[in-house]
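A short write-up of the structure that comes next.
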Amino acid sequence: MTSSPRAEPAPAPPWVVLGRGDAGAVHAVSLDADGNETRRWELAAGEFADWVAARERDGAPRWVWSDTPAWYAPLLEAGVRVARCQDLRLCHAILSDSAFVPFTESLRTAPEWDAASAEGTPAADTLFEVSDAGGSTGVPEGLDAALAEFARQRTALASSPQEKRLRLLLAAESAGALIASELRSAGLPWDAEAHDAILTGILGARPPGGGSPAELDRTGEAVRAALGDPALSLDSQPKLLRALHRSGVLVESTSRWELAQHEHPAIEPLLAYKKLSRLHSANGWGWLATWVHDGRFRPVYVPGGVVTGRWASFGGGALQLPRQLRAAVAADPGWALIVADVAQLEPRVLAGMAGDMAMADAARGRDLYAGIVERGAVATRAEAKVAMLGAMYGATTGSSGRLMPRLRSIFPRAMSLVDDAARTGEEGGIVTTWLGRSSPSPSPGWRETQSRAGDAAALPADERRARQSARDRGRFTRNFVVQGTAAEWSLTWMAEIRRRLDALGEVDEAVAAPRSGAAFFRRPHLAFFLHDEVILHVPLQLADAAADAVRDAAASASRLLFGEFPIDFPLDLHIAETADKG
DNA sequence: AGCTGGATTGGG
DNA sequence: AGAACCCAATCCAGCT
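Those letters in the first sequence? Residues 555 to 1136, per our numbering, in order.
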């Protein structure tokens, strides 16, 4: 079953809008496709999860709710998953800024929906209460408020000349919100013993009292000896800098790349010390004790947490897991991990947006950078890579900037797209992703800087500052369209993966993974996401089917965004026991 | 004591 | 190896 036969398009499921009443009661209204109310419910707190589960079995409506973590975390804890939702907070943020929506006034008259999610900024020690049990979100929770906002969003959508794309974006963003809650509920399978063994191998044995481990100490001593300062504190940047100067190492900073350019007996142990110290403080035994419980790492993901639409995270540094620790990500017995990432996601997305057939050809079925070399624009893969990154990030100097004209000559459409985005940004305009997420307007300070440079009395310094900030903004908008559209592709990919995994069904109790949370312990599930990579945790017997689901989902995401335009998104995919892929 | 900003290093 | 874009987390210094 590599590709499930397309079912007849089911009639659009009805909407069910939810709101909270007193004492945890839930008020619900179902709406038909025209937005007319068809039914009303009032549920006591204790009945809610079972009622949702029953509705899911009976047609699976699209749940319309204020804020996904607040509604969905308790459901997941009760073992109840939902197929789809509309997250009013996230959709409000997209629609009220989107250049694809001609009239945003009505959305802008509801600023209460601009509030940040509850998970955005909790106090550290209330983290678990807030995100597991819901709690105050900052956006309205009542049914009337939800109905009114939902109506505004439907009106905005219907007024858009790009309704289809925006609809896809809202669905993908909302599916992402569901997935973020599910990732936390399921957790990333984590082998604490393997983690401990990695730390011990690199840092030396863990000191019983919690002090610094042997190898870290030894390396630190070597640095102090080489600098002739036995009491030096290596963790203080100013003190370390002064000590280096006293020893004749005239660096301006203590950063790795600058140190590496100098010759001194202290340099080598110092670079080693920094590496060890980083591992120890950021992902050492303290991290393990704080973030890994019962065999799972459960970070908090924040969908839409970045202006471009990428996810943010907080707590545990989920988006910065060092490669050294990947061997600690390990499937449960009888289960496997599927680790899949997209090769060169951003340039491929750019080719799709620009409809650049030459670039699509260079990318098809292989390493895109090799394809660029074959076309003769540059001599080596390394050059192709820096040139492409420079095109998307806005490099103007160095080898990357030098190579840009060659890219312009072979990929004129793709390069015009990013160059236009940069020009729009420099002029103070806004740019928009493929599906309709628009960049923020320039800040008042930015406009002020620009207009001051236009004054008759402007000083050369004013003009320089204005040019600088204009270029900075141009680089931001240049990157925004590509990074933001790549985020949309990834969200769509994950939503399609999730849908296909649900169709694979459950395994027997005998091979369940009980630590994966009440809603997932018998099903293949997503366990990790990082911009262009997913990790799935799947029962061995379903591993091949799940891998097919991941590949099919990539093809489906490409079609949903770019239709029949022939840009492909090849995956690097492994089925393995650990996420370490060497 | 608690907050903010700079420096640094990890991720894409 | 650098520089360009989007980040988070840590530590220390310097401030209120």
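C-beta: ideal position from N, C-alpha, C; glycine also. Because the structure is a prediction, the values reported are computed rather than measured.
Asked                                                                                                                  : Found
Beta bridge counterpart(s) of A1130 as assigned by DSSP                                                                : L891
Residues of its chain near A1024, where Cβ-Cβ distance is below 6 Å and the 5 sequence neighbours each way are ignored : E980
S992, DSSP secondary structure in three states                                                                         : strand
Simplified DSSP assignment, three categories, for T675                                                                 : With a pLDDT of only 39 at T675, under the threshold of 50, the placement of this residue in the model should not be trusted, and no figure is reported.
Length of the line joining the Cα atoms of W845 and D974                                                               : 44 Å
Cβ-based neighbour list, H646, same chain, cut-off 6 Å, excluding 5 preceding and 5 following                          : W667
At least three beta-carbon pairs within less than 8 Å, the segment 1043-1053 to the segment 911-920                    : no
Option in A908, G955 and G919 with minimal Cα separation from L971                                                     : A908
Cβ-Cβ distance between D895 and D1126 below 7 Å                                                                        : yes
Secondary structure, beta strand (DSSP E): runs of 3+ residues fully inside the segment 594-654                        : 616-619 and 639-641
F1083 - DSSP class collapsed to helix/strand/coil                                                                      : strand
Length at least 4, wholly inside the segment 963-1048: the alpha helix (DSSP H) runs in chain order                    : 966-980 and 998-1008
beta-carbon T986 near the ligand FAD non-hydrogen atom, thresh 6 Å                                                     : The ligand FAD is not part of this structure, which contains no ligands at all.
Integer Cβ distance of A768 from A759, believed to fall under 8 Å                                                      : 6 Å
Alpha-carbon to alpha-carbon, L757 and W569                                                                            : 55 Å
DSSP-derived helix/strand/coil call for L842                                                                           : helix
Segments of 4+ residues assigned as alpha helix (DSSP H) that fall wholly inside the segment 800-868                   : 810-813, 821-837 and 839-845
Nearest-angstrom Cβ-Cβ length linking A608 and A637, presumed shorter than 8 Å                                         : Incorrect: roughly 14 Å between the Cβ atoms, too far for contact.
Endpoints, the beta strand (DSSP E) within which S584 is located                                                       : V580 to L585
Check whether A579 and A603 have beta carbons under 7 Å apart                                                          : no
N-terminal and C-terminal residue of the alpha helix (DSSP H) that R706 is part of                                     : L697 to A712
Bridge-paired residues (DSSP) for V883                                                                                 : W744
The alpha helix (DSSP H) enclosing R1105, as first and last residue numbers                                            : A1097 to F1116
The alpha helix (DSSP H) enclosing L904, as first and last residue numbers                                             : L899 to A908
Residue of T754, A1103, L943 and H818 minimising C-alpha distance to W839                                              : T754
Rounded C-alpha distance that separates S809 from A705                                                                 : 53 Å
At least 3 beta-carbon pairs within less than 8 Å: the segment 1001-1020 vs the segment 884-903                        : no
Contact belief for S728 with F654 at Cβ below 8 Å, rounded distance in angstroms                                       : S728 to F654, Cβ: 17 Å. No contact.
Own chain residues within Cβ distance below 7 Å of T978, not counting five before or after                             : V985 and T1031
Beta bridge counterpart(s) of G573 as assigned by DSSP                                                                 : H581
Best match in D586, L737, R708 and A700 for proximity to E631 [C-alpha to C-alpha]                                     : L737
For P665, three-class secondary structure by DSSP                                                                      : helix
Rounded C-alpha distance that separates G764 from G871                                                                 : 22 Å
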